[in-house]
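These notes concern the structure reproduced below.
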Amino acid sequence: MPEGNAAAAPAQGREEQGSSTTWRLLQIGAMWVGIQLVIRQFLPGTPTERTITTTDDDGNVVTVPANFGASPIPPYEARPRTLDEGATYNSEPQRLAPIWPDDSKLDIVISVSPTTEVKPLGAANADPVVFSEQAFGLGNFSDKRTVDTTIQVPPQVQNNGTLWGHFFVGLAGSVLDPYSPDYDRGKAYCFVFPLTQYIPKRKEVKTRNLLANAESSDNSTSAADAAAAAEEEEPATASGPIIASYYHPNASLSFVPGSGVIDYAATAPVIRQFVHVEATGARDGTGQNSWYYPVLFVNTFWQLKSHMTLLNDTVTTLPLHIDLNNLADWKFKIMANIEASGRENARQAAMGNQMPGGGDGSEIEMVKEIILDTNPYLLGVTVIVTIAHLLLEMLAFGSDISHYRKKKDNVGISVRSILANVFMQGVIFLYLIDNSQNTSWMILGSQGVGIVIELWKITTVVNVRLRDAAPGSLVPYRIVFEDKHQLTETEAKTKEYDEIAFKYMYWGGVPLLLAYAAYSLVYETHKSWYSFVITTLVGSVYAYGFLMMVPSLYINYRLKSVAHMPAKAMMYKFLNTFIDDLFAFTIKMPFLHRLATLRDDVIFFVYLYQRWAYRIDYTRVNEFGQGGDEDDEDLVAAANAAAAAKKDGNTTVAAAAATAAEATGADAKAAKTTTKRK
1 MPEGNAAAAP
11 AQGREEQGSS
21 TTWRLLQIGA
31 MWVGIQLVIR
41 QFLPGTPTER
51 TITTTDDDGN
61 VVTVPANFGA
71 SPIPPYEARP
81 RTLDEGATYN
91 SEPQRLAPIW
101 PDDSKLDIVI
111 SVSPTTEVKP
121 LGAANADPVV
131 FSEQAFGLGN
141 FSDKRTVDTT
151 IQVPPQVQNN
161 GTLWGHFFVG
171 LAGSVLDPYS
181 PDYDRGKAYC
191 FVFPLTQYIP
201 KRKEVKTRNL
211 LANAESSDNS
221 TSAADAAAAA
231 EEEEPATASG
241 PIIASYYHPN
251 ASLSFVPGSG
261 VIDYAATAPV
271 IRQFVHVEAT
281 GARDGTGQNS
291 WYYPVLFVNT
301 FWQLKSHMTL
311 LNDTVTTLPL
321 HIDLNNLADW
331 KFKIMANIEA
341 SGRENARQAA
351 MGNQMPGGGD
361 GSEIEMVKEI
371 ILDTNPYLLG
381 VTVIVTIAHL
391 LLEMLAFGSD
401 ISHYRKKKDN
411 VGISVRSILA
421 NVFMQGVIFL
431 YLIDNSQNTS
441 WMILGSQGVG
451 IVIELWKITT
461 VVNVRLRDAA
471 PGSLVPYRIV
481 FEDKHQLTET
491 EAKTKEYDEI
501 AFKYMYWGGV
511 PLLLAYAAYS
521 LVYETHKSWY
531 SFVITTLVGS
541 VYAYGFLMMV
551 PSLYINYRLK
561 SVAHMPAKAM
571 MYKFLNTFID
581 DLFAFTIKMP
591 FLHRLATLRD
601 DVIFFVYLYQ
611 RWAYRIDYTR
621 VNEFGQGGDE
631 DDEDLVAAAN
641 AAAAAKKDGN
651 TTVAAAAATA
661 AEATGADAKA
671 AKTTTKRK
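Heads up: the sequence shown begins at 1 in the UniProt record's numbering, then just goes up one per residue.
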């Protein structure tokens, strides 16, 4: 392994190309689970006593919501007939109280229509009814209703129109038809809500086969056609994204009990759209407050775009699955806000606007897809190992930096591998910029920091100098790498073995790179020649990047030692490699991608074999001036003291070394052997 970092190059590339976003999304998922647990633990549940009895203005005994007593808003059944003296009527109420108790029994009917016009139920021209249930228990979380049916798609909906759901809700036994003379707005209400969604199509990057384009450039007719096509595309691009109508076969409906008194004036629009104010315009005595019907949440939170149908004239019938249940108020608010935020981000991304933190607005949908399509037990394990991955990543970073700061020689270091790693990370950085539409700025920033750290590592190994170029050169200066000191015999061997390893690696890597480039040029499409070069290089790094690990394995083999390796950093990084393997089978990805995640494991097992074959004696300073992974300052001090006593003779030197070694807990015999070797 090229001092750990070169060995981790493919893993880093893999993270930057796709897994970095996955880690961030899974952190969001972990936060979601944590929020649920905290709220469930600390927020009070639904009160057991939901109704009380009182008398209205006429002296009749009525059942009203139990929570009105803590509010200045009287129950709807006991509402005043006139405003208080001096009070003014506010057309938009400030606060709302529940109109019905939270344990009411409800009837609900749903019809579908291409318009918002509400038609009489049961009439000859009535809209088709797709759902009808009686005596549903509001606040009864065990009461669930399900219906499966098929609907005919109206021509208006086929032509980019909206399919509307007409919802008729009322107390059990009440009249739901608003056209009936017996209809009571105090006992029933109706509203419309779209069952289709207008979603901007994702902005597609135009790609082409570069060879086919080059061949057609010789044909004037084809060139003219291409120019005409470009002119036709330009107005469409300038007019903004294409909005299309999508339909999801699952409609999840949830009544939200226990909301209590609502500060309607301060309610966010995303929540307000589901709050329906009492339809007669009644107010309390102050004229400022009113009542609201039970919140019916048309839940589109779990409606993934990948499961939706694009509506057009070829779609004549559609399946419809309706679930009716109760949902806690806090869950309703969280889901409604997250869904609205995700939609707005997707809309802004489709308009070409840059999102805060980058991305294309599809991150929330990716999290939901992971939760829906992954086994719950595997998902739980995934959340745990994600936290472990972040911890190991930080530990590996700190250990790697510490190792390079303390290392005082170049034994076992593959300088070429470090340079190659800088090149590969630079290529990945350019690739991320070329695909910046779908790349977070955090990923770009972390990749840039990684390149800077790799460049710093080079300065710890060699001196980077700017020298005059040879006569006749096109550039006046050239960058050279000079040794920091006169190389020892072991360092010279390391340099020699590094050259040999890279020579054989070039023999295997260059043909693979050329073969991949030829395949990509002939069979794949690209935005431009620059994009082709960057994409090909990234693909090569992704596919053959593990070759960068081979030189250090070869150096270990020739030196018959792994004492120079940053063992802690290597173990942290390889543990993260196994975590990558777990995610490879959790996240949807091509088979070859999954296969590629196993390549670092092979290198890891070879490294483990080398650690077993070339065991390290941690009780002594090794032949490279190190105590295991790090220099032991006490042992170094003992060695310096022994060297200072050398002028007194070998016996004195041996005694001084043995005494110092014994003081630091080392084996005296090992210290004597080390001194004798000098």
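Glycine included, C-beta positions come from ideal geometry on N, C-alpha and C. On a predicted model such as this, the values are computed, not experimentally measured, just so you know.
To the nearest angstrom, how far is it from the Cα of residue i to the Cα of residue j?
{"i": "Asp581", "j": "Val533", "result": "29 Å"}
{"i": "Ala123", "j": "Leu106", "result": "23 Å"}
{"i": "Ser417", "j": "Met549", "result": "8 Å"}
{"i": "Asn209", "j": "Trp529", "result": "10 Å"}
{"i": "Ser561", "j": "Arg611", "result": "8 Å"}
{"i": "Gln94", "j": "Pro72", "result": "12 Å"}
{"i": "Thr316", "j": "Val153", "result": "5 Å"}
{"i": "Ile579", "j": "Lys568", "result": "17 Å"}
{"i": "Ile384", "j": "Trp456", "result": "33 Å"}
{"i": "Asn326", "j": "Asn159", "result": "35 Å"}
{"i": "Glu92", "j": "Tyr292", "result": "12 Å"}
{"i": "Gly161", "j": "Ile242", "result": "14 Å"}
{"i": "Tyr404", "j": "Ile479", "result": "22 Å"}
{"i": "Leu419", "j": "Lys495", "result": "14 Å"}
{"i": "Gly539", "j": "Leu372", "result": "31 Å"}
{"i": "Leu171", "j": "Phe193", "result": "20 Å"}
{"i": "Ser531", "j": "Gly445", "result": "21 Å"}
{"i": "Ala388", "j": "Asn345", "result": "30 Å"}
{"i": "Gly508", "j": "Ile603", "result": "17 Å"}
{"i": "Val157", "j": "Arg145", "result": "27 Å"}
{"i": "Leu320", "j": "Pro181", "result": "32 Å"}
{"i": "Asn421", "j": "Thr386", "result": "25 Å"}
{"i": "Ala563", "j": "Met366", "result": "44 Å"}
{"i": "Phe502", "j": "Pro551", "result": "7 Å"}
{"i": "Ala490", "j": "Leu559", "result": "Note that residue 490 corresponds to Thr in the displayed sequence, not to Ala. Thr490 and Leu559: Cα-Cα distance of roughly 8 Å."}
{"i": "Leu318", "j": "Phe274", "result": "26 Å"}
{"i": "Leu211", "j": "Pro128", "result": "56 Å"}
{"i": "Thr525", "j": "Lys206", "result": "9 Å"}
{"i": "Ser104", "j": "Tyr76", "result": "14 Å"}
{"i": "Leu512", "j": "Val475", "result": "31 Å"}
{"i": "Ile199", "j": "Leu138", "result": "33 Å"}
Would you say residue i and residue j are within 8 Å of each other, going by their C-beta atoms?
{"i": "Asn375", "j": "Gln303", "result": "no"}
{"i": "Asp284", "j": "Arg79", "result": "yes"}
{"i": "Asp329", "j": "Gly398", "result": "no"}
{"i": "Glu454", "j": "Arg465", "result": "no"}
{"i": "Ala87", "j": "Val261", "result": "no"}
{"i": "Tyr519", "j": "Asn556", "result": "no"}
{"i": "Val112", "j": "Leu163", "result": "yes"}
{"i": "Leu253", "j": "Asp143", "result": "no"}
{"i": "Leu392", "j": "Leu575", "result": "yes"}
{"i": "Val452", "j": "Val415", "result": "no"}
{"i": "Thr536", "j": "Tyr516", "result": "yes"}
{"i": "Met335", "j": "Tyr247", "result": "no"}
{"i": "Asn90", "j": "Gln348", "result": "no"}
{"i": "Glu278", "j": "Ile108", "result": "no"}
{"i": "Thr280", "j": "Asp84", "result": "no"}
{"i": "Val295", "j": "Phe255", "result": "yes"}
{"i": "His276", "j": "Tyr189", "result": "yes"}
What residues match up with residue i in a beta bridge as DSSP calls it?
{"i": "Asn299", "result": "Ser252"}
{"i": "Gln152", "result": "Thr317"}
{"i": "Gly165", "result": "Val112, Phe193"}
{"i": "Tyr292", "result": "Pro98, Val277"}
{"i": "Phe136", "result": "Leu106"}
{"i": "Asn345", "result": "Note: Asn345 sits in no beta bridge, so no partner."}
{"i": "Phe131", "result": "Ile110"}
{"i": "Asn325", "result": "Ser254"}
{"i": "His526", "result": "Arg208"}
{"i": "Val381", "result": "In DSSP, Val381 forms no bridge with anything."}
{"i": "Asp263", "result": "Arg95"}
{"i": "Leu171", "result": "Leu106"}
Say yes only if the C-beta of residue i is nearer than 7 Å to one or more non-hydrogen atoms of the ligand ZN, and no if none qualify.
{"i": "Glu85", "result": "You won't find the ligand ZN in this model; it holds no ligand whatsoever."}
Next on the checklist: Which runs of the beta strand (DSSP E) at least 3 residues long sit entirely within the stretch 436 to 480? Give them in chain order.
Outcome noted: 462 to 468
Next on the checklist: Contact between the stretch 163 to 177 and the stretch 141 to 150 is defined here as three or more beta-carbon pairs at a separation below 8 Å; is this criterion met?
Outcome noted: no
Checklist entry - Three or more beta-carbon pairs under 8 Å between the stretch 130 to 139 and the stretch 183 to 191, yes or no? => result no
Next on the checklist: Under 8 Å: do the stretch 336 to 347 and the stretch 260 to 279 share three or more Cβ pairs, one atom per stretch?
Outcome noted: yes
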